[in-house]
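Enquirer: For the sequence shown, the residue numbers in the working numbering are 600 to 1166.
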Amino acid sequence: MDKITEKNFLNWKNNPNLVDYLKEELNSYNSEEINDAFYKDLEFGTGGMRGVIGAGTNRMNIYTLRSANYGYAQFLLKENGEKSVVIAYDCRRRSLEFAKESARTLAKYGIKVYLFDKITPTPELSFAVRFLKATGGIVVTASHNPPQYNGYKIYDNTGCQLVPDKAEIVIDAIKNAPDPFSMELDDFDDLLKSGKVEIVGEEIDKAYLDCVKSIQVHQEIAKDNFKVAFTSLHGTSAYLGQRLLAELGYSFTPVKEQMVADGEFSTVKSPNPEDPRAFDLAIEYAKKDKCDIIIATDPDADRVGLAVLDKNGEYVLLNGNQTGALLIYYLANNRHIDKKGVVFNTIVTSPLGVKIAKSYGMDSFSTLTGFKYIGEQATLLENSKDKMFFFGYEESYGYVIKDFVRDKDSLQALLMCSEMANFYKKEGKDLLDVLEEIYQKYGYYKEDLVNIGLTGEEGAKKINRILDYFRNVDDFYDNNFKVVRKEDYELQIAKDYLNNEESKITLPKSNVIKYFLSDGSFFVLRPSGTEPKMKVYISSFSENRCCSKKRTEDIKEFVLNIVRGIE
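Given below as structure tokens:
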């Protein structure tokens, strides 16, 4: 244990104001747990602040939240005028407690708080910020992380998560935060009585759902002989998702056990629609009721996964790139717009969606990973006279059709995927038929994502060593993996090896490295912003399905062999 870790630990252990339940936990820590809980402060990543719940400076608890909310308050107070923040929370351990603690801290600095009356989807929070003309927003959630995690995401007045230049103001302010143990905060019930905290709910639910319904393209199509299986994976979409489908006349089968708010996520190994195992129970329901598609949302209802019934009576899970391509194709063919459309994705997303958009005369723009960057671009575009936001998505199962939400929105995706599948069924096709149609028209794209778990302080160091290695290697001296371009977003330098040129990357700094290969394939390395993982994204392209699949597998093995050799 180094001196900083020991100092942090003793400060907590000997503090008379430490709440009893955290004191008990602290006393149960072994030396390894002490080191991991105190070797650093919990940091902001691409999805805000997220970590294991418990005692320590590197843990999610009321004290780290007090410091974070102090920093956020200082960010909000930099501008003149009255300030207000909308707070939403999910069903995780201590989420409501953390939401109330955030309200208490913000109230200390004269900031009015609107707190939702129940667990609430993240996209509805984004919507509510602008609906209530608030200065900002908070969601207490750890999205699809395991049950021991919770998190804290902060938004600006546009309903968009804070991008780096804004987040840096918060981070700098946190460094000057007062001792969180000695902060004098008003009782939550007293804040309610004084009106400094106001409970909100149904009015925003209705307004939000009305906007979601406005994305429909073919609302006139009959919904007979079509059925959706729907699961919220124990999360925040259960109430509004079922209400949306019912009010629009869709026949649907809810996965009843998973419509229960459960922060332990007791029916799944992982509450993540990217994980095929999350669909196991839904598939049982879907087969029984002969559902055409299955839709699963993650616990905070910003991501959505889609499975499609094939000709053999089995359900095929689509990845985020495939679903995104299908939605762009459907919208481009069926949605009327009076301005030039712009499609937004991220640098790790398959090029297929952009290829489709461009074939319909639309523009495209790729951002860094994190939907806040897409939300930022939507804000910049909203007053354009000749262009409009058409669609935004990322490979990690996040989509938005209309930008009244400045975050990914599973309720919009739930509705549009249902409409799309119903539309094509009336034409005698399922979504797999349509996907094949897309591949035959635009070429076969195949993607893969490898998550390399590297936990704790040593894991963080290993991630840095891996990235340092790739940062200093320009080519791999292998004709099968000839690099034609390398983009280093940390150094903000792009190297074009075909023309022997360098150029500056104008996107914000990020610890991401992307390699483009001579056949149009690419791979990307980046640390997760929300989990102790190293991520490797792979995308390949071929005129042939089998060749594309094999190319992806070859690239994965090639990259992983290098990673395995880095000590």
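By construction, the Cβ of each residue, glycine as well, lies at the ideal position given by its N, Cα and C atoms. Remember, it's a predicted structure, so these values are computed and weren't measured experimentally.
Out of Leu880, Asn1021, Asp874, Val1072, which has the shortest C-alpha to C-alpha gap to Thr866?
Expert: Measuring from the Cα of Thr866, the nearest candidate turns out to be Leu880.
Enquirer: Per the DSSP calculation, Ile798 is bridged to which residue(s)?
Expert: Leu714.
Enquirer: Could you tell me the distance, in whole angstroms, from the CA atom of Ile946 to the CA atom of Glu846?
Expert: Approximately 37 Å between the Cα atoms of the pair.
Enquirer: In three-state terms, what does DSSP make of Lys986?
Expert: Strand.
Enquirer: Using alpha carbons as the reference points, say which of Lys622, Glu981, Gly794, Ser1017 lies closest to His817.
Expert: Comparing Cα-Cα distances from His817 to each of Lys622, Glu981, Gly794, Ser1017, the minimum goes to Ser1017.
Enquirer: Which residue spans inside the segment 892-933 form an unbroken alpha helix (DSSP H) run of at least 4?
Expert: If we require 4 residues or more, the alpha helix (DSSP H) runs fully inside the segment 892-933 come out as 919-933.
Enquirer: Less than 9 Å between CB atoms is the rule here; does Ile652 satisfy it with respect to chain B?
Expert: Looking at the structure shown, chain B is missing, and only one protein chain is on hand.
Enquirer: Is it buried or exposed for Val739, if we count other Cβ within 10 angstroms and need 16 for buried?
Expert: Val739 should be labelled buried.
Enquirer: What three-state label does DSSP hand Gln760 in the structure shown?
Expert: Strand, per DSSP.
Enquirer: Pull up the distance between the alpha-carbon of Leu1048 and that of Tyr1136, whole angstroms please.
Expert: So the alpha carbons of these two residues sit roughly 5 Å apart.
Enquirer: If we ignore side chains and look at the alpha-carbon of each, how far apart do Asp909 and Val915 end up?
Expert: Those two C-alpha atoms are separated by around 7 Å.
Enquirer: At what residues does the beta strand (DSSP E) containing Pro1126 begin and finish?
Expert: Note, Pro1126: beta strand (DSSP E), 1121-1126.
Enquirer: Could you check where the alpha helix (DSSP H) with Gly670 kicks off and where it finishes?
Expert: Gly670 -> alpha helix (DSSP H) spans 661-676.
Enquirer: Would Phe864 and Pro872 be called neighbours here (beta carbons separated by less than 9 Å)?
Expert: No. Outside cutoff.
Enquirer: Under 8 Å, with one C-beta from each stretch per pair, do the segment 1119-1128 and the segment 1001-1019 reach the 3-pair mark?
Expert: At 8 Å Cβ cutoff, the stretches do not touch.
Enquirer: Does the segment 850-863 come close enough to the segment 971-980 to have 3 or more Cβ pairs within less than 8 Å?
Expert: Contact between the segment 850-863 and the segment 971-980 is absent, because fewer than three Cβ pairs lie under 8 Å.
Enquirer: So which of Val941, Ser683, Met600, Lys1094 has the shortest CA-CA distance to Asp985?
Expert: If we check each option's Cα against that of Asp985, Val941 comes out closest.
Enquirer: Mind pulling the alpha helix (DSSP H) runs of 4 or more residues that sit fully within the segment 695-753?
Expert: Correct list: 721-730.
Enquirer: What are the boundary residues of the beta strand (DSSP E) that Thr1054 is part of?
Expert: It is not in any beta strand (DSSP E) - Thr1054 carries neither H nor E in the DSSP assignment.
Enquirer: Please go through the same chain and pick out, in chain order, the residues whose beta-carbon is closer than 7 Å to the beta-carbon of Lys822, but skip the five residues on each side of it.
Expert: Within the same chain, Lys822 has close Cβ partners Gly848, Tyr849, Ser850, Asn1021.
Enquirer: Between Ala654 and Leu621, how many whole angstroms is the CB-CB distance? I'm expecting something under 8 Å.
Expert: Confirmed, about 4 Å.
Enquirer: Can you list, in chain order, the residues of its chain with a C-beta nearer than 6 Å to that of Lys1040? Leave out the 5 residues immediately preceding and following it.
Expert: Taken in chain order, the list of residues that qualify is empty.
Enquirer: Leaving out five residues on either side along the sequence, give the residues of the same chain with a beta carbon under 6 Å from the beta carbon of Gly1169.
Expert: The structure shown does not extend to residue 1169, since the chain is modelled only from 600 to 1166, so the question has no answer here.
Enquirer: Per DSSP, what kind of secondary structure is Ile1065 in: helix, strand or coil?
Expert: Ile1065 falls in the helix class under three-state DSSP.
Enquirer: Give a yes or no on contact between the segment 652-669 and the segment 617-633, applying the rule of three or more CB pairs nearer than 8 Å.
Expert: Verdict: yes, contact present.
Enquirer: For the alpha helix (DSSP H) containing Gly840, name the first residue and the last one.
Expert: Where Gly840 is concerned, the enclosing alpha helix (DSSP H) stretches over 837-846.
Enquirer: Taking the straight line between their C-alpha atoms, what separation do you get for Met600 and Lys612?
Expert: For Met600 and Lys612, the distance between alpha carbons rounds to 15 Å.
Enquirer: Quick check on the burial criterion: 16 or more other C-beta atoms within 10 angstroms. Buried or exposed for Gly670?
Expert: It counts as buried.
Enquirer: Within 10 angstroms of its Cβ, does Lys1108 collect 16 or more other Cβ (buried), or is it exposed?
Expert: Exposed.
Enquirer: Could you tell me if Ile1000 is buried or exposed, where buried requires 16 or more neighbouring beta carbons within 10 angstroms of its beta carbon?
Expert: Its Cβ being crowded by 16 or more others within 10 Å, Ile1000 is buried.
Enquirer: Beta-carbon within less than 6 Å of Leu1159's beta-carbon, same chain only, minus the 5 sequence neighbours each way: which residues are those?
Expert: Closer than 6 Å at Cβ, skipping near neighbours: no residue.
Enquirer: For the candidate residues Asn933, Ala828, Gly919, Glu632, whose alpha-carbon lies nearest to that of Asp888?
Expert: Answer by Cα proximity: Ala828.
Enquirer: Can you tell me where the alpha helix (DSSP H) with Glu819 in it begins and where it stops?
Expert: That residue, Glu819, is in no alpha helix (DSSP H); it is neither H nor E in DSSP.
Enquirer: Any idea which residues DSSP pairs Ala1086 with across the strands?
Expert: The residue you asked about is not Ala; residue 1086 is Glu in the sequence shown. Paired residue(s): Ala1093, Lys1113.
Enquirer: Can Thr835 and Ala900 be called in contact, C-beta distance under 9 Å?
Expert: Yes, the pair counts as a contact, with Cβ atoms nearer than the cut-off.
Enquirer: To which residues does DSSP link Ala956 through a beta bridge?
Expert: DSSP, once it has assigned bridges, lists no residue as partnering Ala956.
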